[in-house]
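J.:
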């Protein structure tokens with residue numbers, strides 16, 4: 612799993628930070644989480660082709676998270692996007708998506724399939740799933756867990772007893788199927804080891820709530836909004852956002868392995884104050900920058 616931060620600002624962009632967007636890739640799936648204004652330009656800067664996107668997930672319909680959608684859709688049409696684009700939005704927000712799609716002339720050549728969600732698993736394939744968790748914000752807002760499925764690793768110490776170290780049949784064992792090799796039956800349960808999948812949690816715009824801890828629980832990587840420092844905790848409370856300290860406390864209490872902060876207010880000239888605040892609580896913390904890549 613790989614993440615690329617395309618926009619790490621909050622309500623307003625800065626010279627260094629674009630508005631909110633994260634690019635997530637896992638084998639054949641390329642998922643855009645939110646699409647703030649300017650996202651398609653950020654993708655060009657980072658040599659990411661918009662036509663590679665397979666799905667878009669919208670956390671909520673505040674302007675800084677969605678106003679790039681109109682231009683992005685038009686980009687796909689202009690570049691002959693030939694797949695079905697799956698777009699996932701909170702239930703009851705289709706009117707906002709419709710407004711964006713009909714804000715200008717661009718034709719009807721985009722095959723768009725819209726999925727409205729309330730909570731629970733919103734996407735799943737053979738490799739991983741995406742689960743949505745309601746958060747507490749000034750509008751309906753969601754966080755997400757991207758969870759890899761357990762995979763089977765060949766137990767070579769066992770299969771070598773049969774002289775089986777390299778063979779296409781090993782793939783069948785990894786699929787959870789027993790095999791016969793040179794007239795000997797080999798059980799996949801003995802011939803493979805079950806390796807837990809990685810978990811990535813995304814806490815987007817919210818105040819501290821129970822679902823923050825569920826998203827962060829045992830996560831290999833927790834990405835969290837951190838709009839304010841504790842100096843402006845009153846504003847965080849008013850606008851239902853997290854401080855850097857809040858995000859770090861969630862990471863610590865939920866036993867996350869690594870925390871990456873994002874979604875910074877334009878009032879901060881650099882992220883050092885946020886990083887220092889968070890590290891006092893949770894040491895393995897980093898601050899995202901535009902175009903930063905993280906592999907899990």
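Numbering (our numbering), first residue to last: 612 to 907. C-beta atoms are modelled at their ideal positions from N, C-alpha and C, and glycine is treated no differently.
#1: Going by beta carbon distance, what residues of the same chain come within less than 6 Å of residue 769, once the five residues before and after it are set aside?
#2: Bridge partners for residue 705 per DSSP, in chain order?
#3: What did DSSP end up calling residue 892 once you bin it into helix, strand or coil?
#4: DSSP three-state label for residue 915, please.
#5: For residue 831, I'd like the list of residues in its chain whose CB is within less than 6 Å of its CB, leaving aside the five on either flank, ordered along the chain.
#6: Using the Cα positions of residue 776 and residue 760, report the straight-line distance between them to the nearest angstrom.
#7: Could you pull out every residue in the same chain whose Cβ sits closer than 6 Å to the Cβ of residue 904, ignoring the five residues on either side in sequence?
#8: Kindly indicate the opening and closing residues of the beta strand (DSSP E) around residue 908.
#9: Give me the DSSP bridge partner(s) of residue 758.
#10: Looking at the unbroken beta strand (DSSP E) that takes in residue 686, where does it start and where does it end?
#11: With C-beta atoms as the reference, is residue 699 less than 8 Å away from residue 728?
#12: Under 8 Å: do the segment 786 to 802 and the segment 742 to 760 share three or more Cβ pairs, one atom per stretch?
#13: Residue 904 bridges to which residues according to DSSP?
#14: Do three or more CB pairs link the segment 697 to 716 to the segment 614 to 630 at distances below 8 Å?
#15: Less than 8 Å between the C-beta atoms of residue 877 and residue 623, yes or no?
T.: If we stick to the structure as given:
#1: Within the chain shown, the letter at position 158 stands for residue 769. Closer than 6 Å at Cβ, skipping near neighbours: 801, 802.
#2: Here residue 705 refers to the residue found at position 94 of the chain shown. Bridge partners of residue 705: none, in fact.
#3: As a position in the chain shown, residue 892 is number 281, starting the count at 1. In the structure shown, residue 892 sits in coil (DSSP, three-state: anything other than H, G, I, E or B).
#4: Because the chain here runs from 612 to 907, residue 915 falls outside it and cannot be looked at.
#5: In the chain shown, the residue the question calls residue 831 occupies position 220. Closer than 6 Å at the Cβ level, and outside the excluded window around residue 831, lie 809, 810, 868, 907.
#6: For the purposes of this step, residue 776 is taken as the residue at position 165 of the chain shown. For the purposes of this step, residue 760 is taken as the residue at position 149 of the chain shown. Whole-angstrom Cα-Cα distance: 25 Å.
#7: In the chain shown, the residue the question calls residue 904 occupies position 293. Excluding residues within five positions, the ones whose Cβ falls inside 6 Å are 615.
#8: Nothing about residue 908 can be read from this structure; the chain reaches only from 612 to 907.
#9: Position 147 of the chain shown, counting from 1, holds the residue named residue 758. DSSP, once it has assigned bridges, lists 740, 810 as partnering residue 758.
#10: Counting from one through the chain shown, the residue named residue 686 turns up at place 75. No beta strand (DSSP E) contains residue 686, which is instead part of the alpha helix (DSSP H) from 680 to 689.
#11: Along the chain shown, one-based indexing puts residue 699 at 88. Along the chain shown, one-based indexing puts residue 728 at 117. In this structure, residue 728 lies closer than 8 Å to residue 699 by Cβ.
#12: no
#13: The count along the chain shown starts at 1 and reaches residue 904 at position 293. 615, per the DSSP bridge assignment.
#14: no
#15: Residue numbering aside, residue 877 sits at position 266 when the chain shown is read from its first letter. Residue numbering aside, residue 623 sits at position 12 when the chain shown is read from its first letter. Yes. Within cutoff.
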